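>
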Amino acid sequence: MNQFPHGWGRPRDDVYGAYDSSYLNSTEPVSHTQRPIVTGTSVLGVKFNGGVIIAADNIASYGSLARYDNVERLLQVGTHTVVGAGGDISDMQYLHLLLDNLLIKEQYPADDHALLAPQVHTYISRVLYQRRNKFDPLWNSILTAGADPKTSEPFLSYVDLRGTTYTAPALATGYGAHLAVPILRRHVPDEEACASLSQEDAEKLVEECMKVLWYRDARSGVKYSWAVVTKDGVTTGNNKIENQSWKFAEMIKGYGAQNV
Amino acid sequence: MTSIGTGYDLSNSVFSPDGRNFQVEYAQKAVENGPTTIGLRCKDGVILACEKLITSKLLVPGSNKRISTVDRHIGIATSGLIPDGKHFINRARDEAISWRRNFKDSVPIASLADRMGSYAQAYTLYSSVRPFGVTAIVAGADNDGPGLYMIEPSGLYWGYFGAATGKGRQAAKSEIEKLNLSELTLLQGIKEAARIIYVAHDDNKDKEFEIEMTWVTKDAKTANAAVTGSRGMIWNGWVHEEVPKELLEEAAREAKKAVEEEDEEDDDAKGEEKMDEDL
Chain U
1 MNQFPHGWGR
11 PRDDVYGAYD
21 SSYLNSTEPV
31 SHTQRPIVTG
41 TSVLGVKFNG
51 GVIIAADNIA
61 SYGSLARYDN
71 VERLLQVGTH
81 TVVGAGGDIS
91 DMQYLHLLLD
101 NLLIKEQYPA
111 DDHALLAPQV
121 HTYISRVLYQ
131 RRNKFDPLWN
141 SILTAGADPK
151 TSEPFLSYVD
161 LRGTTYTAPA
171 LATGYGAHLA
181 VPILRRHVPD
191 EEACASLSQE
201 DAEKLVEECM
211 KVLWYRDARS
221 GVKYSWAVVT
231 KDGVTTGNNK
241 IENQSWKFAE
251 MIKGYGAQNV
Chain G
1 MTSIGTGYDL
11 SNSVFSPDGR
21 NFQVEYAQKA
31 VENGPTTIGL
41 RCKDGVILAC
51 EKLITSKLLV
61 PGSNKRISTV
71 DRHIGIATSG
81 LIPDGKHFIN
91 RARDEAISWR
101 RNFKDSVPIA
111 SLADRMGSYA
121 QAYTLYSSVR
131 PFGVTAIVAG
141 ADNDGPGLYM
151 IEPSGLYWGY
161 FGAATGKGRQ
171 AAKSEIEKLN
181 LSELTLLQGI
191 KEAARIIYVA
201 HDDNKDKEFE
211 IEMTWVTKDA
221 KTANAAVTGS
231 RGMIWNGWVH
241 EEVPKELLEE
251 AAREAKKAVE
261 EEDEEDDDAK
271 GEEKMDEDL
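As given, the protein sequences belong to chains U and G, one line each in that order. With the UniProt record's numbering applied, the first sequence corresponds to residues 1 to 260, in that order. With the UniProt record's numbering applied, the second sequence corresponds to residues 1 to 279, in that order.
#1: According to DSSP, is U/L44 helix, strand or coil?
#2: Give me the Cβ distance between G/G162 and G/L181, rounded to the nearest whole Å; I'm assuming they're in contact under 8 Å.
#3: Against chain G, which members of the stretch 83-112 of chain U pass a CB distance test of less than 7 Å?
#4: Name the residue from U/V82, U/Y16, U/A18, U/H32 whose alpha carbon lies nearest to the alpha carbon of U/T236.
#5: For U/I165, list the residues DSSP reports as bridge partners.
#6: Residues of the stretch 61-86 of chain G with a CB closer than 8 Å to any CB of chain U: list them in chain order, please.
#7: Give me the Cα-Cα distance between U/E191 and U/P169, rounded to the nearest whole angstrom.
#8: Anyone know if the C-beta pair for U/F48 and U/D201 falls short of 9 Å?
#9: Based on the DSSP secondary-structure assignment, which residues constitute the bridge partners of U/L65?
#10: Looking at the unbroken beta strand (DSSP E) that takes in G/E242, where does it start and where does it end?
#11: Quick one: grab the DSSP three-state call for G/S68.
#12: So which residues on chain U does G/I197 lean against when the C-beta distance must stay under 8 Å?
#13: Does U/M1 come within less than 9 Å of chain G when only Cβ atoms are used?
#14: Taking buried to mean at least 16 other C-beta atoms within 10 Å of its own C-beta, is U/Y16 buried or exposed?
#15: What does DSSP give as the partner residue(s) for G/A120 in the beta ladder?
#16: Pick out whichever of G/A251, G/W238, G/I176 has its Cα sitting closest to the Cα of G/A194.
#17: According to DSSP, what are the bridge partners of G/S79?
#18: What does G/M213 touch in chain U if you count any residue whose Cβ is under 9 Å from its own?
#19: Going along chain U, which residues have a C-beta under 9 Å from G/E95?
#20: To be precise: take each residue of the stretch 97-113 of chain G, compare its Cβ to all Cβ atoms of chain U, and keep it if any distance is under 9 Å. Which residues remain?
#21: Are the stretch 157-176 of chain U and the stretch 67-78 of chain U touching by the rule of at least three beta carbon pairs closer than 8 Å?
#22: Applying the 10 Å Cβ sphere with the 16-neighbour rule, what's the burial state of G/S174?
#23: Assign U/T33 to one of three DSSP states: helix, strand, or coil.
#24: Determine the chain U residues that contact G/E242 at a beta-carbon separation under 9 Å, and present them in chain order.
#25: According to the neighbour-count rule (16 or more other Cβ atoms, all chains shown, within 10 Å of its Cβ), is U/T41 buried or exposed?
#26: Counting contacts by CB-CB distance shorter than 9 Å, is U/L138 in contact with chain G?
#27: State the start and end residues of the unbroken beta strand (DSSP E) segment that holds G/H41.
#28: Tell me the DSSP secondary structure of U/A114 in three-state form.
#29: Is the separation between the beta-carbon of U/I59 and that of U/V206 shorter than 9 Å?
#30: Against G/I47, what residues of chain U qualify as contacts under a CB-to-CB distance less than 7 Å, listed in chain order?
#31: Ignore the nearest five residues each way along the sequence and tell me which others in U/L128's own chain have a CB closer than 8 Å to its CB.
#32: Taking all protein chains shown into account, decide if U/L184 is buried (16 or more other Cβ within 10 angstroms of its Cβ) or exposed.
#33: Whole angstroms are fine: how far does the CA of U/V222 sit from the CA of U/Q244?
#34: Which whole-angstrom value is the C-beta distance of G/L248 and G/M213, which I expect to be below 8 Å?
#35: With a cut-off of 8 Å on the beta carbons, I'd call G/R72 and G/P146 a contact; round off their distance for me.
#36: At a Cβ threshold of 9 Å, is U/L179 touching chain G?
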């Protein structure tokens, strides 16, 4: 009789030979998400007088392949918040599920309290930071945009897959951080500049930046979604880059189908 | 009850020789003294209403809710032991969230009622637990339209056009039977619901009460903006929320007037009879 409980109910070693457990031994350490798969590119956001505008295109890329061209990357969370995500699309969808459940739990008490942008931003940043501490990050960089329903104070904040957060009058994720932020900063270097920026000018500014990104970011798309949040709530829309000119392409030399 | 003292009522899950489970019956007794609670399945939504007796002047008006939101599109009203009701609601919320996680969809009302029915029934099977001292009325709407279910302590549940439980259930039921629920709209329904709560109220025993009323609606004009605002989320377009304050107050006012007039008529009739006798 085998006196060790470990052996009970198992094939007897003296009859069947020792159990071969070699296949259970993995030579690899546990691995989690190490790279994004289907990705979205930049998200832009600018504060203006009385609100904030946020925009993201509708492309989801599989590597350099523009795999999906109709993906909504802006999610409205409650009445006065919009969350835009770049990076891994499936991680973004998982985050949408978390935010959806958060909203439902927020409904339970049936009081007049509502989640606003600062709370949503903090929630997302805690989730992302916790996941990076598990070495299993949600591979996104995220902008949270919102406005206070009472004071119309605009809110705009960034968080990435490491849980790093920061805020600025104008923000962009991904390629936009390199290509759009310099343009945005020319117009809104500081909070005072935002206070004198009209919604109309902010919309034009974003349109301009999305155009630059469409020209220069090879993972971007021609169609994009935008959302404006003011104290009255969220208005959304879709836009397409118009009046394109690719004349300069003739001048580019050094690659492509050229014989010279 | 002649069966008391026979020993078959001491433990849950034990049948008496004539095939009854006394612990379940006692749980039902607990509900029979609970607050009158009704549900009406109307043409364009569902209404839940509850008579809430004011047990203390120190309570904030509208506090201690008896009707809870379980998911965006589902509400549950319980009558009976309050803590049992809270636990039941928590379980229903967990079921709704778990359905979302599994299926990326809002839980259908029939499925939630089925799961909660099974949950309640499991509490009749073991000696280590007691049945729920609540009857729950589940209101919601899904792709099949509005749905109304009532779950009893035994785990029994049926779908209903109109359901009533609690102290005034008999009076409420006979009033509900007079309604044409497949043609009734929500706006008509809240007036009927308020009237039924007033009719079922026992003036002699209980004095002060307030009406708690919620509905499940698809009307974007009245529906809570916090729910309808979000896009890109799992939601079937129906909202469970409190009936807007103005509408509820108007319904309550009319209900009170209607009941008082009826009482006066009764009194007049009695008075006339008396006069006839005198003559």
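In this text, a Cβ means the ideal position worked out from N, Cα and C, and glycines have one as well. These numbers come from a predicted model, not from an experiment.
Quick look at the numbers:
#1: strand
#2: 6 Å
#3: H96, D100, N101, L103, I104, Q107, Y108, A110
#4: U/V82
#5: Note that residue 165 of chain U is Thr in the sequence shown, not Ile. U/T165 is bridged to U/V159.
#6: K65, S68, T69, D71, R72
#7: 6 Å
#8: yes
#9: U/Y62
#10: 239-242
#11: strand
#12: Result: empty, since nearest Cβ-Cβ is about 19 Å, beyond 8 Å.
#13: no
#14: exposed
#15: Note: G/A120 sits in no beta bridge, so no partner.
#16: G/A251
#17: G/T135
#18: The contacting residues do not exist; G/M213 stays about 12 Å from chain U at best.
#19: In chain order: nothing, as chain U lies at least about 13 Å away.
#20: I97, R100, R101, K104
#21: no
#22: exposed
#23: coil
#24: A110
#25: buried
#26: no
#27: In the sequence under discussion, the amino acid at residue 41 of chain G is Arg, which differs from the His named in the question. Segment 37-42, the beta strand (DSSP E) holding G/R41.
#28: coil
#29: no
#30: Per Cβ cutoff of 7 Å: no residues; G/I47 is ~16 Å from chain U at best.
#31: P137, L138, N140, I142, V159, D160, L161, R162, G163
#32: buried
#33: 10 Å
#34: 5 Å
#35: So it is not a contact: roughly 15 Å between Cβ atoms.
#36: no
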